[in-house]
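In full-length UniProt numbering, the protein residues as written are 1 to 237. Everything below concerns the one structure shown next.
Written as structure tokens, this is what we have:
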């Protein structure tokens with residue numbers, strides 16, 4: 001008959017596990033507080049005016065504690081962007097779920113992208129800021145786990161658009177050789193178009209060497225984005 005002591009957990013093991021679990025829970029809670037404060041500052045002031053000192057003050061901690069949880073400002077901003085991307089994915093999915101022909105579904109998805117971007121200008125700023133960095137630069141500035149979460153956030157949004165394009169190809173409505181490439185292109189160009197809509201200014205040449213500006217509305221940008229998406233989807237690559 002075996003001795004129960006042979007299989008018993010070492011004395012103190014459970015308390016140590018409990019302390020580790022409590023510490024991990026506190027760490028996750030603090031990270032969430034920092035991310036929530038960053039998001040609030042983004043929405044209030046914009047990405048450019050959000051400083052680590054302001055974020056730390058909003059949470060009620062020293063800025064050094066922020067760097068205990070995140071490798072730097074870029075990682076903090078990247079993980080804040082993930083929150084926007086999760087919301088955007090839901091908005092795009094709602095558009096894709098609309099019934100009707102392929103063109104109508106694609107229009108609904110593009111319109112959802114425009115609506116979300118105009119309602120959340122900090123999303124556009126944050127996404128464009130990170131897109132200025134190469135993959136190598138991001139690996140130097142952001143941990144692999146954070147990059148994985150960011151990649152999942154972006155791919156989740158692109159998957160919705162890609163599925164609409166693929167459904168259109170299967171239905172014979174679209175002629176897209178590479179739906180993944182097109183969805184990535186539409187996402188990147190869409191961010192630029194949203195910035196144009198926010199600025200609301202068009203530049204043109206009235207005469208050789210004489211530039212003038214005129215205004216552009218969100219609806220004009222939306223119409224252009226929808227028309228461009230439909231044209232690219234309907235044309236064989």
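Note that beta-carbon positions come from the ideal geometry of N, C-alpha and C, so glycine has one too.
On the three-state DSSP scale, how would you describe residue i?
{"i": "residue 203", "result": "strand"}
{"i": "residue 212", "result": "strand"}
{"i": "residue 177", "result": "coil"}
{"i": "residue 1", "result": "Because residue 1 sits at a pLDDT of 48, beneath the cut-off of 50, its placement in the model cannot be relied upon, and the following sentence gives the value as read from the coordinates. Of the three classes helix, strand and coil, the one that applies to residue 1 here is coil, per DSSP."}
{"i": "residue 51", "result": "coil"}
{"i": "residue 171", "result": "coil"}
{"i": "residue 227", "result": "helix"}
{"i": "residue 101", "result": "coil"}
{"i": "residue 70", "result": "coil"}
{"i": "residue 153", "result": "helix"}
{"i": "residue 62", "result": "coil"}
{"i": "residue 233", "result": "helix"}
{"i": "residue 217", "result": "coil"}
{"i": "residue 143", "result": "coil"}
{"i": "residue 89", "result": "helix"}
{"i": "residue 134", "result": "coil"}
Residue j and residue i - do their beta-carbons sit closer together than 8 Å?
{"i": "residue 157", "j": "residue 88", "result": "yes"}
{"i": "residue 79", "j": "residue 146", "result": "yes"}
{"i": "residue 81", "j": "residue 112", "result": "no"}
{"i": "residue 225", "j": "residue 110", "result": "yes"}
{"i": "residue 23", "j": "residue 38", "result": "no"}
{"i": "residue 40", "j": "residue 58", "result": "yes"}
{"i": "residue 211", "j": "residue 205", "result": "yes"}
Considering Cα atoms alone, identify which of the options is closest to residue i.
{"i": "residue 177", "options": "65, 165, 188, 226", "result": "165"}
{"i": "residue 185", "options": "203, 57, 168, 154", "result": "154"}
{"i": "residue 169", "options": "215, 199, 23, 101", "result": "101"}
{"i": "residue 126", "options": "47, 226, 29", "result": "47"}
{"i": "residue 163", "options": "62, 95, 45, 194", "result": "95"}
{"i": "residue 234", "options": "135, 43, 182, 219", "result": "182"}
{"i": "residue 174", "options": "40, 105, 59", "result": "105"}
{"i": "residue 194", "options": "223, 63, 29", "result": "223"}
{"i": "residue 63", "options": "90, 34, 85", "result": "34"}
{"i": "residue 180", "options": "167, 172, 171", "result": "167"}
{"i": "residue 215", "options": "150, 208, 207, 200", "result": "200"}
{"i": "residue 221", "options": "25, 197, 202", "result": "197"}
{"i": "residue 43", "options": "83, 211, 29, 149", "result": "83"}
{"i": "residue 217", "options": "136, 202, 65", "result": "202"}
{"i": "residue 232", "options": "20, 103, 134, 17", "result": "103"}
{"i": "residue 77", "options": "31, 227, 107, 60", "result": "31"}
*Counting pairs of Cβ atoms below 8 Å between the stretch 67 to 82 and the stretch 131 to 142, do you hit three or more?*
Verdict: yes, contact present.
*Is the stretch 115 to 128 touching the stretch 181 to 200 in the sense that three or more CB pairs, one from each, lie closer than 8 Å?*
By the C-beta criterion, the stretch 181 to 200 is judged to be in contact with the stretch 115 to 128, since at least 3 inter-stretch pairs fall below 8 Å.
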